[in-house]
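Report on one structure; see the data block that follows.
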Amino acid sequence: MNSILNQIKIKNQYLISVLSVGIVASLCLFIRDFLDYKIVGYLLLVVVSVLSMFLAIKPLLLSAILSALILNFFFIQPYYTFHISDAEDSLLLVLFFIIALVNAVLTHKIRRAEKILQVKEVRVNTMKLYNALLDSLSHELRTPISTIMGAIDTIQSKSVHISEENK
Numbered sequence: 054m055n056s057i058l059n060q061i062k063i064k065n066q067y068l069i070s071v072l073s074v075g076i077v078a079s080l081c082l083f084i085r086d087f088l089d090y091k092i093v094g095y096l097l098l099v100v101v102s103v104l105s106m107f108l109a110i111k112p113l114l115l116s117a118i119l120s121a122l123i124l125n126f127f128f129i130q131p132y133y134t135f136h137i138s139d140a141e142d143s144l145l146l147v148l149f150f151i152i153a154l155v156n157a158v159l160t161h162k163i164r165r166a167e168k169i170l171q172v173k174e175v176r177v178n179t180m181k182l183y184n185a186l187l188d189s190l191s192h193e194l195r196t197p198i199s200t201i202m203g204a205i206d207t208i209q210s211k212s213v214h215i216s217e218e219n220k
């Protein structure tokens, strides 16, 4: 049951990834004539950065790749090709892709480190609870055992006379 929920969750993450990049690119495409393609690159980079806070690594890598391809295909001239005629545009696209990937990977590592830290904290708290329970249990057992040992010492003592009925 849990693996099915995880699969659905991952599929939703891929969908969110594609839709987020697609919506921002579509909105920018409508105003492409009034908007510099570098600004579109920044907007797509912001989308990938925001997605990195919520998505797993693979859907995030998909959004980085998709946004780089969309930037090249729709916003860098010549339009509707993957050909880039200017070295500056090539550098922009490569740096965009590298920054998006680095952002995705680093955010993923931070989230993984947070999960490991949470697991360690849970273990420490569990051990504290276990020790407190064990201390309480040993205290509760010590009292009756002390009473029993005292009674046995009294019974075995030759100096104290106890009737057979009381023994």
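Quick note: the sequence shown uses this note's numbering, first residue 54, plus one each step. Backbone N, C-alpha and C define an ideal beta-carbon position, used for all residues, glycine too.
- A distance of 7 Å or more separates the beta carbons of G94 and L68.
- A distance below 7 Å separates the beta carbons of N156 and S102.
- With a beta-carbon spacing of about 11 Å, F149 and Y90 fall beyond the 8 Å limit used to define contacts.
- V172 counts as exposed, since fewer than 16 other C-beta atoms from the protein chains shown sit within 10 angstroms of its C-beta.
- Between the segment 108-125 and the segment 151-165 there are three or more C-beta pairs closer than 8 Å, enough to call the two in contact.
- Judged by DSSP in its simplified three-state form, P131 adopts coil rather than helix or strand.
- Every unbroken stretch of the alpha helix (DSSP H) spanning 4 or more residues and falling wholly within the segment 77-151 is given here in chain order: 90-104, 110-123.
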